[in-house]
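Colleague:
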Amino acid sequence: MAAAAAAEGTQVDLQRLDGLCESALEAVGYQLLELELVRERDGWLLRVYLDHPQDGPADRSVAPRRITHDDCRRASHQLGALLDVEDPLGFAYRLEVSSPGVLRPLRKEREFARFAGFKARIKLREPLEGRKSLNGELRGAQDGVVTLVEDGREWRVPLGQIRNAQLAEEY
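All residue numbers for the sequence shown refer to this note's numbering, where the first residue is 15 and numbers rise by one.
1. What distance in whole Å lies between the Cβ atoms of Arg139 and Ala182, which are believed to be in contact at a cut-off of 8 Å?
2. Going by beta carbon distance, what residues of the same chain come within less than 6 Å of Val111, once the five residues before and after it are set aside?
3. Let me check understanding here. Comparing Cα to Cα, which of Leu39, Gln175 and Arg167 lies closest to Gly94?
4. So, for Gln156: in the same chain, excluding its five sequence neighbours on each side, which residues have a beta-carbon less than 8 Å away from its beta-carbon?
5. Write down the C-beta distance between Glu184 and Leu117 rounded to the nearest angstrom, noting that I regard them as a contact closer than 8 Å.
6. How far does the alpha helix (DSSP H) with Gly94 in it reach, from first residue to last?
7. Among all the DSSP beta bridges, which residues are the ones paired with Tyr185?
8. Classify Asp32 as helix, strand or coil using the three-state DSSP reduction.
9. What residue does the alpha helix (DSSP H) around Ala127 start on, and which one ends it?
10. In whole angstroms, what is the alpha-carbon distance linking His66 and Lys133?
11. Can you grab the Cα-Cα spacing for the pair Phe129 / Val76, in whole Å?
12. Here's the rule I'm using: 16 or more other beta-carbon atoms within 10 Å means buried, otherwise exposed. How should Pro114 be labelled?
13. Quick one, which of Val26, Ala179 and Asn178 has its alpha-carbon nearest Asp101's?
14. Below 8 Å on the Cβ atoms is my guess for Leu64 versus Gln45; work out the distance and round it to an integer in Å.
15. Determine the DSSP secondary structure at Ser113, reduced to helix, strand or coil.
16. By Cβ distance, which residues of its chain are closer than 6 Å to Leu60, with the 5 residues on each side in sequence left out?
Have a look at this one:
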């Protein structure tokens, strides 16, 4: 995530914002997946995606714990209280807390590792051997490199080269 972004004529330290949100969510038993600060027609929106923490790979034989409306409400209260006190943005915004959805985005190395064995779509920042996107089975991630197999060929993609990625099958 970028270190700072311009908004309302001020600088926002996105690393600090990310850290505050991550700590607040962990305190009530959730994991921060991603946050977005976007300008919309009616003002600024801070969108926070959360999930239940899980160590190790996802287990297909066990139904996943999905984020519910009550989870979002609980996390929103926790985040709202902390952000009101810390005021890391310095301007008015709306807070939206959301689940990642069933075709969840993949951002961090731990998520690519967690969903090894699942099908994923990866869009690249720069072409890799002429390819701007890959669709295949995740094999994991380690040391900043994601491994995916497409049509029998193994691709190793540095995390920094991934523009966006998501599961290509329901979790």
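A virtual CB, placed ideally from N, CA and C, is assigned to each residue, including glycine.
Modeller: Let me lay it out:
1. Contact between Ala182 and Arg139 is ruled out by a C-beta separation of about 19 Å, above the 8 Å threshold.
2. The residues Val62, Cys86, Ala89 and Ser90, in chain order, have a CB closer than 6 Å to that of Val111 in the same chain once the five nearest residues on each side in sequence are set aside.
3. Sorting Leu39, Gln175 and Arg167 by C-alpha distance to the C-alpha of Gly94 places Leu39 at the top.
4. Excluding sequence neighbours, Gln156 sits near Glu123 and Ala127.
5. So it is a contact: roughly 7 Å between Cβ atoms.
6. Per DSSP, Gly94 is one residue of the alpha helix (DSSP H) stretching across His83 to Glu100.
7. Tyr185 is bridged by DSSP to nothing; it lacks a bridge partner.
8. It is helical.
9. Glu123 to Arg128 is the extent of the alpha helix (DSSP H) around Ala127.
10. Computed Cα separation, rounded: 21 Å.
11. Looking at the two C-alpha atoms, the distance is approximately 14 Å.
12. Pro114 is buried by the Cβ-count criterion.
13. Minimum Cα distance to Asp101 is reached at Val26.
14. With 8 Å as the limit, Leu64 and Gln45 qualify as a contact, their Cβ atoms being about 6 Å apart.
15. Coil.
16. Scanning its chain for C-beta atoms nearer than 6 Å, with the 5 sequence neighbours on each side dropped, one finds around Leu60 the residues Leu51, Tyr107 and Leu109, in chain order.
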